[in-house]
Amino acid sequence: MAAIDDLLTCALAKSSDVLTREVLVGLYWTAVYGQRVGLAATLADATCCDAIDAAGVGQLHYRPIHELINLLRSTHPLEVSIGMAALNSALPVNEQDGVEFNARDLILERGRDKNVVTVGHFPFTDAIRNVAAQLWVLELNPSEGDQPASAAPELIPQADVIGLTATTLMNGTFESLRLLFPSQALVVMMGPSTPLHKVLFDYGVDILAGALVDDPSTLLHYVGQGSSLHRVPGLRRFTMVK
Numbered sequence: 011m012a013a014i015d016d017l018l019t020c021a022l023a024k025s026s027d028v029l030t031r032e033v034l035v036g037l038y039w040t041a042v043y044g045q046r047v048g049l050a051a052t053l054a055d056a057t058c059c060d061a062i063d064a065a066g067v068g069q070l071h072y073r074p075i076h077e078l079i080n081l082l083r084s085t086h087p088l089e090v091s092i093g094m095a096a097l098n099s100a101l102p103v104n105e106q107d108g109v110e111f112n113a114r115d116l117i118l119e120r121g122r123d124k125n126v127v128t129v130g131h132f133p134f135t136d137a138i139r140n141v142a143a144q145l146w147v148l149e150l151n152p153s154e155g156d157q158p159a160s161a162a163p164e165l166i167p168q169a170d171v172i173g174l175t176a177t178t179l180m181n182g183t184f185e186s187l188r189l190l191f192p193s194q195a196l197v198v199m200m201g202p203s204t205p206l207h208k209v210l211f212d213y214g215v216d217i218l219a220g221a222l223v224d225d226p227s228t229l230l231h232y233v234g235q236g237s238s239l240h241r242v243p244g245l246r247r248f249t250m251v252k
């Protein structure tokens, strides 16, 4: 079974009678408010000028959460973003299973003088480069200094630390990537899209560094007004360790 299938099973089991309060698709982040607010990155393809509306747009907040969660199976980028946010809104989180901690500090500490691979860029990519023996940044559309995604089979097995986001779950690349994780590597999934559920520990992830929403009203205003969610009131880091 794929990781995304396990996550869907866990979320759907907890959402059969949950109603949707709000759905917001911002420039950078998508939010679904059910029992709590779940977040997901707004996939880049969903904001292109030739993008097609999601089915039922304008009425999504009337649909039950389990219907929105199933959008994660779609091939439509906007629907996938809504589906992941809905899934994150439904997954049960026991706050005793994690701590408020910035994964950036851990990656910098564990990556010092080591080989580090990140799948995509992070806000602290330059900081990693300053301490790591070697940093490889894998990108689907590489810029100068990046490595193409096709180099993953060569580079990931050499890594001591691997950083990635839940976008890999959303775009279907996680399954092929996880097969490359070396046993000695520390694998960190980070960012507000991260599903905070221990089932991902069965798929090679060691640390889940996501976020919890303490102030839904404030957070939804920020999402709807195009915030990048850096230092947003009402959003709290939450990290689970295998």
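Using this note's numbering, you'd call the opening residue of the sequence shown number 11 and step up by one each time.
The beta carbon of each residue, even a glycine, is placed where N, CA and C say it ideally should be.
Could you spell out where the beta strand (DSSP E) holding residue 125 opens and where it closes?
125-129 is the extent of the beta strand (DSSP E) around residue 125.
Three-state secondary structure (DSSP) at residue 77?
Helix at residue 77.
Leaving out five residues before and five after residue 146 in sequence, what residues of the same chain have Cβ atoms less than 6 Å from its Cβ?
Taken in chain order, the residues that qualify are 127, 157 and 165.
Pairing CB atoms from the region 205-215 with CB atoms from the region 223-242, are three or more of them under 8 Å?
Flag = no, the region 205-215 and the region 223-242 do not touch.
For residue 195 and residue 247, what's the separation of their Cα atoms in angstroms?
Approximately 23 Å between the Cα atoms of the pair.
For residue 107, is the beta carbon positioned less than 7 Å from some heavy atom of the ligand ATP?
Among the ligands in the structure shown, none appear at all, so the ligand ATP cannot be discussed.
Taking 8 Å as the threshold, find out whether the region 31-45 comes into contact with the region 103-121 through three or more Cβ pairs.
No, they do not touch.
Quick one: what does DSSP say residue 46 is sitting in, helix, strand or coil?
Reduced to three states, the DSSP call for residue 46 is coil.
Around the C-beta of residue 250, are 16 or more other C-beta atoms found within 10 angstroms, so that it is buried, or is it exposed?
So residue 250 ends up on the buried side.
Does DSSP classify residue 205 as helix, strand or coil?
Coil, per DSSP.
What residues in its chain sit with their C-beta under 7 Å from that of residue 197, if we drop five residues either side in the sequence?
Only 172, 191, 214, 215 and 216 meet the Cβ criterion.
Which residue from 102, 129 and 169 puts its Cα closest to that of residue 176?
Of 102, 129 and 169, the residue nearest in Cα terms is 129.
Does the distance from the C-beta atom of residue 187 to that of residue 162 stay below 8 Å?
Their beta carbons are under 8 Å apart, which means residue 187 touches residue 162 by this criterion.
Residue 158 by DSSP, collapsed to three states: which one?
In the structure shown, residue 158 sits in a strand (DSSP, three-state: E or B).
Give me the Cβ distance between residue 50 and residue 95, rounded to the nearest whole Å; I'm assuming they're in contact under 8 Å.
Yes, residue 50 and residue 95 are in contact; Cβ-Cβ is about 4 Å, under 8 Å.
Give the DSSP bridge partners of residue 172, in chain order.
BP columns for residue 172 point to 127 and 197.
With distances taken Cα to Cα, identify the nearest neighbour of residue 97 among 170, 115, 19 and 235.
Considering only alpha carbons, the answer is 19.
Identify the continuous alpha helix (DSSP H) that holds residue 105 and give its terminal residues.
Neither: residue 105 is in no alpha helix (DSSP H) and is coded neither H nor E.
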